[in-house]
Amino acid sequence: MPWIFIALVWLMPAPAFAAEPLSVSPQPRQQGYPWMPLGRWFAMHADDVALAEAGESKLIFLGDSITEGWETDGLEHWSRHFVPRGAVDFGISGDMTQHLLWRLENGAAGRLDPAAVVMLIGVNNTGFTDEPPPVIARGIRANVDK
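For reference, each letter of the sequence shown is one residue, going 874 to 1019 in our numbering.
Written as structure tokens, this is what we have:
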């Protein structure tokens, strides 16, 4: 009889033991790109942590290259509309939901108590992973919950 029980347990579906999907598993960037080497990614994260520890910003932008672009292609609008409101831009090109989760868990939230957060994340998950939209949405939700 015990052998039958062991055999049945062995045949149980694997999802009970499956790891969390990548989109909801916080992790630092592990791959560099020509436009974003790993060293630059970690340096940008360190800069964000320093700003977050100051705890002064009340308008936080979080995300990927589209968010990072406010300080380059969108600089005129950024300077005119957001800098006067004490905004900080924590966008890093190429980031996916799991990278932002890691950044938030590892200092990027700091002592911030923002009045508003603007978040754009998940676009790169659609292009660089094979996870379905509902799973990517879970990663976005996990970031919102942070």
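Note that the Cβ used here is the ideal one computed from N, Cα and C, for glycine as well.
Quick caveat: nothing in here was measured; it's all calculated off a predicted structure.
Taking the continuous beta strand (DSSP E) assigned at residue i, which residues delimit it?
| i | result |
| --- | --- |
| Gly-1021 | The question about residue 1021 has no answer, for the chain in this structure spans 874 to 1019. |
| Gly-967 | Careful: Gly-967 lies outside any beta strand (DSSP E) and carries neither H nor E. |
So, helix, strand or coil for residue i, using DSSP?
| i | result |
| --- | --- |
| Leu-993 | strand |
| Val-882 | Confidence is the limiting factor: at Val-882 the pLDDT is only 44, short of 50, which leaves the residue's position unreliable, though a coordinate-based value still follows. Residue state, collapsed to three classes: helix. |
| Gly-905 | coil |
| Phe-892 | A small correction: the amino acid at residue 892 is Ala; Phe does not occupy that position in the sequence shown. In this structure, Ala-892 counts as coil in the three-state DSSP scheme. |
| Ala-982 | coil |
Only counting the same chain, and skipping five residues up and downstream in sequence, which positions put a Cβ closer than 7 Å to that of residue i?
| i | result |
| --- | --- |
| Glu-1004 | Pro-894, Leu-895, Ser-896, Asn-998 |
Which residues in the same chain as residue i place their Cβ atom closer than 8 Å to its Cβ, once the five residues preceding and following it in sequence are excluded?
| i | result |
| --- | --- |
| Ala-892 | Ser-898 |
So the alpha helix (DSSP H) residue i belongs to, where does it begin and stop?
| i | result |
| --- | --- |
| Arg-1011 | 1006-1018 |
| Arg-953 | From DSSP, Arg-953 is part of no alpha helix (DSSP H); its letter is neither H nor E. |
| Leu-924 | 911-927 |
To which residues of the same chain is residue i closer than 6 Å at the C-beta, ignoring the five residues directly before and after it?
| i | result |
| --- | --- |
| Val-882 | Model confidence at Val-882 stands at a pLDDT of 44, short of 50, so the residue's coordinates are unreliable and nothing is read from them. |
| His-972 | Arg-902 |
Report task. Mind the definition here: the stretch 951-959 touches the stretch 968-984 only if three or more C-beta pairs lie below 8 Å; say whether that holds. Result -> no
Query raised in the report: Would the stretch 959-967 and the stretch 931-950 be scored as touching if the rule is three or more Cβ pairs under 8 Å?
Result: yes
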